[in-house]
Structure formats: structure tokens, C-alpha cells
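Notes follow once the structure below has been shown.
Residue numbers (mature numbering (1 follows the signal peptide of the UniProt record, and there is no 0)): -20 to -1, 1 to 272.
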């Protein structure tokens, strides 16, 4: 009873002190400006469409959205691992991207398109022919983005970081050539990511470029890169068993692996900066809304 009495007495003494701490929390009405409505925002939208080299957790695009666009630009990363110009459409992801392109409320919407890695694959649902299907698929994407009322931007594919005898083995250079042909023929802005990422990787050198991967390189991988020829990519580690995942909270996982294609945080920062600077050149209208 004594404890209850003390608590009640304490509470009874609080109101003045408690309310005192809120003094100055809001200026009095006579000190506020006459109310007006805020002017309408001019908002823009960037939709990023591509494969795992763009996707969250393994690509550059999430870092691009996080660090290289201003607050009046909605930036949506729709990159998905393992997709090509063929499978991205077949599974329905392209229809989702076009739906986002049609969404109202934005002064202008751009759709950035980067494929090539999985078009180059041998997997049944992915591969496309380099000189026929691949450019035809890109042309169809460009046409459909324009029909949706948005502006297409083509990106040549991010380079792999494989070296042989001290030289970068840029196996995606030919795919970049096809992107350029489509961009020229259809008058589409182009971000030269293959060219400029290859330059950046060559400047780093094979050994230093291993630090851009999702997972750290092993000693033998560093040694081989230092000698000028990178090893074959090792298999991805086994995914974490479901039983080992937390019972509550977020349970999604991305398997971290070392290879010469995907990027971790360091790689994402390097390549997203290249995209931001190149996009500002390709689309001058966006220059004031991109951060270096």
C-alpha cells in the first residue's frame, strides 16, 4: 500500500513538469506563416530491367538506386538472376516492367535495359542467337517501352572479370556490339557499360578485380590472378538448410559466391558510379537528378 501511495503521489506531482517539457515543441499560431499548399512535385521514374548483374544482392543496380539518384526520382530495380531477353519475357517479368512504365504520376519514365550474360548461356530457357534473336528481342523491348509512354535506354552488358595472360577476356564485347547496332538504328540512348566497366577492370588488374566479387577470393584464386590468368569460377556453395533459418523475422537468403561475373558491395559501388556518369551523358535531361 505504501508503494502504491508513493507512486500515486509521484504521478500527482508530474503534470506541470511533464507538460513543461513540451513547451516549444511547436511554435504558437501567431508565429507561423499563413498556410499555403505546397507546389506539385515534378517526379521522375527509372525502371531497371536486366539479369543478375543488375539484380539485388548480386548486381550494381541497388547501389545505383541507393546512392546515385535524387529524392524526386523513383528508382525501381527489376533485375532478376538467370534471365535473358527471352526468359525475362516468357516468365512475365517484362509484362510487370511495362505495367510499371505505364504508371501515372511521373513527368517522365525511363526504362534501362541490360541483358547479355544469360542470352550467352546454353540453358534451354535462356539462350538466344547473338545476331538474330538477341537484337530482335531488344528491338521489341524498345518498341514496347515507347508504346507504354516511357523512354528506353539500352546498356551494353557488364564485363566479366576473367583474365588470360594478363589481358581481360571480355567475352561479352560482341553482345555489346549488337546493342550498339540496335541503339543506332532505333535512335535509343545507350550506356556503354561494357566498354567502361572493362576499362575499369583492366585498370584494377586481375588480382585487385577479385575484390569486386560477392564473396572473398581464395588464396589460389588470388595467386592465379596475380600471375595474370584467373581460375575457372568455382561452384556456388550449398544454400543454407531451411531448418537452420530463423523461426521468425526475415528468412530470405542470397547465396554469396566468388566468381568473375557477380558483384558484392565494392563491385556494386564501382559499377553503379560508372552507370550514373554514363547515363548523365546519354540522357542529359537526367543530369541534374543523378548523383556522381
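Positions of the beta carbon are idealized from the N, C-alpha and C atoms, including for glycine.
Given the structure is predicted, the values throughout are model-derived calculations rather than measurements.
Just list the residues that DSSP pairs residue i with in beta bridges.
i, result
"residue 148", "143"
"residue 134", "93, 170"
"residue 270", "49"
"residue 88", "24"
Only counting the same chain, and skipping five residues up and downstream in sequence, which positions put a Cβ closer than 7 angstroms to that of residue i?
i, result
"residue 216", "235, 237"
"residue -13", "Confidence at residue -13 is low in this model, with a pLDDT of 46, below 50, so the placement of that residue should be treated as unreliable; the coordinate-derived value is given next. No residues qualify anywhere along the chain."
"residue -20", "A caution first: residue -20 carries a pLDDT of 47, below 50, which makes its placement in the model too unreliable to give a value."
"residue 260", "266, 267, 270"
"residue 163", "134, 170"
"residue 153", "174"
"residue 82", "128, 129"
"residue 190", "197, 201, 202, 205"
"residue 213", "239, 240"
"residue 50", "269, 271"
"residue 220", "233"
"residue 255", "40, 44, 171, 173"
Which two residues bound the contiguous alpha helix (DSSP H) that contains residue i?
i, result
"residue 115", "113 to 127"
"residue 245", "245 to 262"
"residue 101", "That residue, residue 101, is in no alpha helix (DSSP H); it is neither H nor E in DSSP."
"residue 200", "199 to 207"
"residue 83", "Premise fails: residue 83 is in no alpha helix (DSSP H) and is neither H nor E."
"residue 223", "Looking at the DSSP string, residue 223 is not in any alpha helix (DSSP H), and its letter there is neither H nor E."
"residue 186", "186 to 189"
In chain order, what residues of the same chain lie with their CB nearer than 8 angstroms to the CB of residue i, ignoring the 5 residues before and after it?
i, result
"residue 65", "95, 99, 108, 113, 114, 117, 118, 121"
"residue 258", "171, 172, 173, 176"
"residue 245", "43"
"residue 151", "100, 140, 142"
"residue 157", "none"
"residue 38", "32, 61, 194, 234, 242, 243"
"residue 21", "52"
"residue 71", "63"
"residue 85", "23"
"residue 161", "115"
Spatial neighbours of residue i within its chain, please: C-beta separation below 6 angstroms, excluding the five flanking residues on both sides.
i, result
"residue 42", "36, 57"
"residue 106", "64, 67, 98"
"residue 166", "122"
"residue 155", "96, 137"
"residue 263", "169"
"residue 74", "68"
"residue 55", "26, 45, 49"
"residue -15", "Confidence at residue -15 is low in this model, with a pLDDT of 47, below 50, so the placement of that residue is unreliable and no value is reported for it."
With three or more beta-carbon pairs closer than 8 angstroms as the criterion, would you say the stretch 244 to 254 touches the stretch 172 to 188? Touching, yes, given that three or more Cβ pairs across the two stretches are closer than 8 angstroms.
I'd like the ranges of any alpha helix (DSSP H) spanning at least 4 consecutive residues and lying wholly in the stretch 6 to 44. Taken in chain order, no unbroken stretch of alpha helix (DSSP H) lies wholly in the stretch 6 to 44 with a span of 4 residues or more.
Three-pair Cβ contact test at 8 angstroms for the stretch 75 to 95 versus the stretch 13 to 28: Enough Cβ pairs lie closer than 8 angstroms, so yes.
Run through the stretch 48 to 72 for me and flag every whole alpha helix (DSSP H) of 4 or more residues, listed as ranges in chain order. Entirely contained in the stretch 48 to 72, the alpha helix (DSSP H) runs reaching 4 residues are, in chain order, 67 to 70.
Cβ pair count under 8 angstroms reaching 3, the stretch 127 to 141 against the stretch 76 to 84: At 8 angstroms Cβ cutoff, the stretches touch.
Within 8 angstroms, do at least three Cβ pairs link the stretch 200 to 210 to the stretch 185 to 192? Result yes; three or more Cβ-Cβ pairs closer than 8 angstroms.
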